[in-house]
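J.: If you read the sequence shown in the UniProt record's numbering, its first letter stands for residue 1, the second for the next number, and so on. Here a beta-carbon is modelled for each residue, glycine too, at the ideal position from N, C-alpha and C.
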Amino acid sequence: MNAHTCASAAQILEEAKQFAAQEIRPLAGEIDAKGELPRSLIDKMGKRGYLAASWPAEFGGLGLDPVAYGLFTEQIGKACSNTRALLTVQTSLLGETMLRFGTEAQKRLWLPQVARAEKLGAFALSEPNVGSDAKSVQTTYRKEGGRYILNGSKKWISFAAIADFFVVTASDSSGQITSFIVEREREGVHTLPMAGMLGNRAVHIAEIRLDEVEVPAENVLGNVGGGFTYIVSTALDHGRYSIAWAGAAIAAEALEAMVTYARSRSQFGEKLHHFQLIKGMIGDAVTKVHAARSLCLAAGEMRRSVAADAIHETAIAKYFTSKVAVEVTNDTVQIHGGNGCRNDYPAERLFREAKVLEIIEGTSQIQQQVIAQYGLRKYAVKKQEAVQTKKEA
Ligand SMILES: Cc1cc2nc3c(=O)[nH]c(=O)nc-3n(C[C@H](O)[C@H](O)[C@H](O)COP(=O)(O)OP(=O)(O)OC[C@H]3O[C@@H](n4cnc5c(N)ncnc54)[C@H](O)[C@@H]3O)c2cc1C
Numbered sequence: 001m002n003a004h005t006c007a008s009a010a011q012i013l014e015e016a017k018q019f020a021a022q023e024i025r026p027l028a029g030e031i032d033a034k035g036e037l038p039r040s041l042i043d044k045m046g047k048r049g050y051l052a053a054s055w056p057a058e059f060g061g062l063g064l065d066p067v068a069y070g071l072f073t074e075q076i077g078k079a080c081s082n083t084r085a086l087l088t089v090q091t092s093l094l095g096e097t098m099l100r101f102g103t104e105a106q107k108r109l110w111l112p113q114v115a116r117a118e119k120l121g122a123f124a125l126s127e128p129n130v131g132s133d134a135k136s137v138q139t140t141y142r143k144e145g146g147r148y149i150l151n152g153s154k155k156w157i158s159f160a161a162i163a164d165f166f167v168v169t170a171s172d173s174s175g176q177i178t179s180f181i182v183e184r185e186r187e188g189v190h191t192l193p194m195a196g197m198l199g200n201r202a203v204h205i206a207e208i209r210l211d212e213v214e215v216p217a218e219n220v221l222g223n224v225g226g227g228f229t230y231i232v233s234t235a236l237d238h239g240r241y242s243i244a245w246a247g248a249a250i251a252a253e254a255l256e257a258m259v260t261y262a263r264s265r266s267q268f269g270e271k272l273h274h275f276q277l278i279k280g281m282i283g284d285a286v287t288k289v290h291a292a293r294s295l296c297l298a299a300g301e302m303r304r305s306v307a308a309d310a311i312h313e314t315a316i317a318k319y320f321t322s323k324v325a326v327e328v329t330n331d332t333v334q335i336h337g338g339n340g341c342r343n344d345y346p347a348e349r350l351f352r353e354a355k356v357l358e359i360i361e362g363t364s365q366i367q368q369q370v371i372a373q374y375g376l377r378k379y380a381v382k383k384q385e386a387v388q389t390k391k392e393a
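As structure tokens, then:
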């Protein structure tokens with residue numbers, strides 16, 4: 001239990017806003033420049049139960065419903081995208097998936113420790129040669145007696161450089177995909193930190209090499225063969241919801257930055273915001289931020305009521321808000337002129353962070369395909385209705 005367990009969602013959100021303003025935003029530039037999340041910040045978030053904001057109290061969570069959790073993600077994401085990524089991975093990708101498919105023993109062992117930030121995890125799906133086509137994972141497993149032996153490489157894995165355990169998705173010789181919980185200290189596990197990132201520079205990204213790594217049967221997450229259908233699909237759905245809010249958050253933060261700058265900078269004897277072309281960018285940004293938030297809220301409401309289309313509304317929100325974040329941060333850099341190209345102002349960092357959102361948790365092209373398939377079903381006018389409409393005409 002933590003101090004927030006009995007607080008209302010409104011109280012938690014208000015405190016998160018204060019926490020983001022006082023403890024996160026002032027560090028955001030330094031976190032990006034140094035390429036690491038300070039352990040002290042992770043610990044403070046753990047003490048408040050922030051890594052488990054959407055989980056039930058029995059696992060150390062704050063019990064926020066999907067809408068409140070989205071608003072919470074927005075507060076943290078506005079202040080610092082790297083810090084928000086901690087929530088995306090620990091709370092959404094790993095936690096929500098383990099809550100749904102983990103055994104009682106797995107949940108009791110890992111979730112309370114992650115909630116308190118005593119242990120961190122990483123979700124290891126992508127590989128050097130496998131990204132969007134995630135079903136083709138080349139990391140292998142084979143069963144020997146009661147144990148599984150894993151071999152292969154994972155790449156681009158957020159928090160892998162500091163995580164205590166990884167959820168690794170692998171395939172057997174017949175193509176059956178299964179996910180395993182692999183503790184860092186197991187023999188044959190190696191991680192290689194990856195520097196030189198465009199954005200998400202402080203999410204401790206690493207490659208993972210697995211060389212004849214043995215895990216017991218109780219480390220299978222979900223059922224054998226359910227690695228893609230259940231584990232990956234669920235994790236990505238929750239991850240997309242988190243990234244949808246991350247996009248809305250970056251766009252909102254960029255909008256504030258552009259307005260502040262346009263009101264303070266003068267050229268040709270006038271403040272920038274008096275120029276029609278600058279007003280055009282601000283008008284577009286306000287509209288896009290409002291639309292992005294509305295889509296996130298709509299997805300959140302559908303998730304709260306467990307609506308059948310929630311998964312699609314989430315993909316739509318993720319696709320749209322990441323696109324909007326890139327557009328709005330692009331204009332924010334533009335309005336800042338030369339100052340937008342240097343790290344004295346947050347504009348360039350927001351621009352870099354926004355671009356990453358179009359790639360993670362399924363690229364924009366993959367979202368377009370998912371959304372198009374949904375649209376082709378949902379908006380197909382049935383034959384009978386089409387005939388009826390023709391007759392009426
Ligand atoms: C900052 C960061 C953090 C990450 N964290 C994690 C993590 O924690 N865990 C993890 O497992 N992975 C992680 N990833 C990896 C990420 O999920 C992949 O980069 C992403 O899925 C895209 O895969 P790819 O990079 O291999 O691109 P590819 O799949 O090679 O795609 C390249 C381009 O081709 C397009 N494309 C691919 N297939 C199609 C198609 N069928 N139709 C049209 N266009 C297509 C893509 O949209 C993209 O534009 C992270 C990546 C980054 C950059």
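(1) List the whole-angstrom C-beta distance separating Ala249 from Arg84, where the pair is believed to meet the contact cut-off of C-beta under 8 angstroms.
(2) Throw me the rounded Cβ distance for the Asp65 and Arg293 pair, which I believe falls under 8 angstroms.
(3) Mapping DSSP to helix, strand and coil, what is Gln267?
(4) List the residues that DSSP assigns as beta-bridge partners of Arg240.
(5) Taking Asp43 as part of the alpha helix (DSSP H), name the residues at either end of that continuous run.
(6) Span of the alpha helix (DSSP H) holding Ser322?
(7) From Phe166 to Ala122, what distance separates their C-alpha atoms?
(8) Could you check where the alpha helix (DSSP H) with Pro112 kicks off and where it finishes?
(9) Residue ranges of each beta strand (DSSP E) run of no fewer than 3 residues wholly in the UniProt domain "Acyl-CoA oxidase/dehydrogenase middle" (122–213), ordered along the chain?
(10) What is the rounded straight-line gap between the Cα of Ala57 and the Cα of Tyr50?
(11) Could you please give the first and the last residue of the uninterrupted alpha helix (DSSP H) stretch that includes Gln75?
(12) Report the residue from Lys271, Ile316, Val289 whose alpha carbon sits nearest the alpha carbon of Gly300.
(13) Is Thr91 near ligand 1, in the sense that its beta carbon is under 8 angstroms from a heavy atom of that ligand?
(14) Taking Gly340 and Ala347 to be in contact with their CB atoms under 8 angstroms, please state how far apart those CB atoms are, rounded to whole angstroms.
(15) Measuring straight from C-alpha to C-alpha, what distance separates Ser8 and Leu210?
(16) Identify the continuous alpha helix (DSSP H) that holds Lys119 and give its terminal residues.
(17) Measuring straight from C-alpha to C-alpha, what distance separates Arg352 and Leu198?
T.: So, from the data block:
(1) Yes, Ala249 and Arg84 are in contact; Cβ-Cβ is about 7 angstroms, under 8 angstroms.
(2) Not confirmed; about 17 angstroms, so no contact.
(3) Here DSSP, grouped into helix, strand and coil, assigns Gln267 to strand.
(4) DSSP lists no partner for Arg240.
(5) It spans 39–47 - the alpha helix (DSSP H) in which Asp43 sits, taken as one unbroken run.
(6) Going by DSSP, Ser322 is part of the alpha helix (DSSP H) stretching over 310–336.
(7) In this structure, the straight-line span from the alpha carbon of Phe166 to that of Ala122 is close to 5 angstroms.
(8) 104–115 is the span of the alpha helix (DSSP H), which, as asked, contains Pro112.
(9) As far as the UniProt domain "Acyl-CoA oxidase/dehydrogenase middle" (122–213) is concerned, its whole beta strand (DSSP E) runs of at least 3 residues are 140–144, 147–157, 165–171, 177–183, 189–193.
(10) Taking the straight line joining both Cα atoms gives about 12 angstroms.
(11) From DSSP, the alpha helix (DSSP H) with Gln75 extends over 66–79.
(12) Nearest in C-alpha terms to Gly300, of all of Lys271, Ile316, Val289, is Ile316.
(13) For ligand 1, no non-hydrogen atom lies closer than 8 angstroms to the CB of Thr91.
(14) Yes, they are in contact, since the Cβ atoms of Gly340 and Ala347 sit about 4 angstroms apart, within 8 angstroms.
(15) Straight-line measurement puts the Cα of Leu210 at about 43 angstroms from the Cα of Ser8.
(16) Unbroken run through Lys119: none, as it is neither H nor E.
(17) Near 6 angstroms, if we compare the C-alpha coordinates of Leu198 and Arg352.
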